[in-house]
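In my numbering, the protein residues as written are 5 to 300.
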Ligand code: NAD
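Set out below in structure tokens:
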């Protein structure tokens, strides 16, 4: 039975770790926050207070942490993952972080003879719970082949994106598309209302016309057309505006580092920054329609 240390038992990490435990892996969880450990223990997951106890003897270590600084700390700090991992252990970071940090941690792991993958996900908390996430994986092919059967117990699609950092690159590009598309869908619904076209009719037409996209058909920002979308529950997340802003900022940092022009990505980033500055960062990212409609 593969022994897995799972670090970061938050909104995403806990259901992912539980799916691995359900699939028969020997999972030991760790989180720095006592309340997160308590929630995990209540959910039946074995948890430890100390990181080194989750990592020691583990054949795989999976991390699901908020952002780059926590990933650096968990892997690189004294007493962190690299200090405690067994030779031969495979390290998989599923957090969404900047490409630079991902490559730096890969490099440090390689320096200690440890294989590592960056494997961010798409699909949100619902996907984590239903084991239907999409994994975008960067790293060596051999490490990917070892990770695949484990990742498949948490996701429906597991794609090898290329060498170290390309999983994060895919995630950042995908979420930049998503942020831009959501704003475009919001603008269209606000314009339609002013033109006397009902939201239901715009949905009926555009979901079968060339404006069709995921933000419209799976996550519609107005209540009604897609019953499961956060618009039907006062924009409770889902995927928060704060997370979208984080990902758009990562895209802007990366774009400027490599000299790529992303004018609509920059605009989307600024709009989400305004929305967050208005105190709305805890709402679902589709709630930006309120700001676009002038109804904050
Ligand atoms: P979260 O804040 O709910 O969970 C992160 C967990 O990491 C927390 O429980 C926190 O206590 C723990 N943590 C922080 N620092 C730690 C440390 N030093 N040691 C151990 N544990 C530590 O966040 P989340 O929603 O689970 O998201 C995790 C990652 O997944 C983020 O990078 C996010 O961008 C990405 N993501 C989230 C979603 C989503 O819909 N929530 C979707 C796709 C990707």
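Glycine included, every Cβ here is placed at the ideal spot set by N, Cα and C. Since we're looking at a predicted model, the values are computed, not measured.
beta-carbon residue i near the ligand NAD non-hydrogen atom, thresh 6 Å
i, result
"residue 249", "no"
"residue 243", "yes"
"residue 354", "Outside the shown range of the chain (5 to 300) lies residue 354, about which nothing can therefore be said."
"residue 53", "no"
"residue 58", "no"
"residue 70", "yes"
"residue 258", "no"
"residue 16", "yes"
"residue 12", "yes"
"residue 282", "no"
"residue 74", "yes"
"residue 219", "no"
"residue 100", "yes"
"residue 82", "no"
"residue 36", "yes"
"residue 40", "yes"
"residue 128", "yes"
"residue 162", "no"
"residue 78", "yes"
"residue 125", "yes"
Proximity below 7 Å, CB of residue i to CB of residue j
i, j, result
"residue 68", "residue 140", "no"
"residue 223", "residue 249", "no"
"residue 377", "residue 258", "The structure shown does not extend to residue 377, since the chain spans only 5 to 300, so no value can be given for it."
"residue 65", "residue 78", "no"
"residue 165", "residue 142", "yes"
"residue 58", "residue 9", "yes"
"residue 119", "residue 147", "yes"
"residue 125", "residue 99", "no"
"residue 267", "residue 133", "no"
"residue 219", "residue 274", "no"
"residue 72", "residue 122", "no"
"residue 30", "residue 7", "yes"
"residue 169", "residue 243", "no"
"residue 272", "residue 183", "yes"
"residue 88", "residue 113", "no"
"residue 225", "residue 293", "yes"
Residue i - DSSP class collapsed to helix/strand/coil
i, result
"residue 260", "helix"
"residue 27", "coil"
"residue 101", "coil"
"residue 125", "strand"
"residue 35", "coil"
"residue 253", "helix"
"residue 60", "coil"
"residue 3", "A query on residue 3 cannot be resolved here, the shown segment of the chain reaching from 5 to 300 and no further."
"residue 120", "strand"
"residue 170", "helix"
"residue 71", "coil"
"residue 204", "helix"
"residue 299", "coil"
"residue 289", "helix"
"residue 95", "strand"
"residue 81", "coil"
"residue 157", "coil"
"residue 278", "helix"
Buried versus exposed call for residue i [16 or more other C-beta atoms within 10 Å across all chains shown]
i, result
"residue 285", "buried"
"residue 256", "buried"
"residue 37", "exposed"
"residue 13", "buried"
"residue 175", "buried"
"residue 97", "buried"
"residue 200", "exposed"
"residue 33", "buried"
"residue 262", "exposed"
"residue 91", "exposed"
"residue 251", "buried"
"residue 152", "exposed"
"residue 40", "buried"
"residue 131", "buried"
"residue 135", "buried"
"residue 290", "buried"
"residue 204", "exposed"
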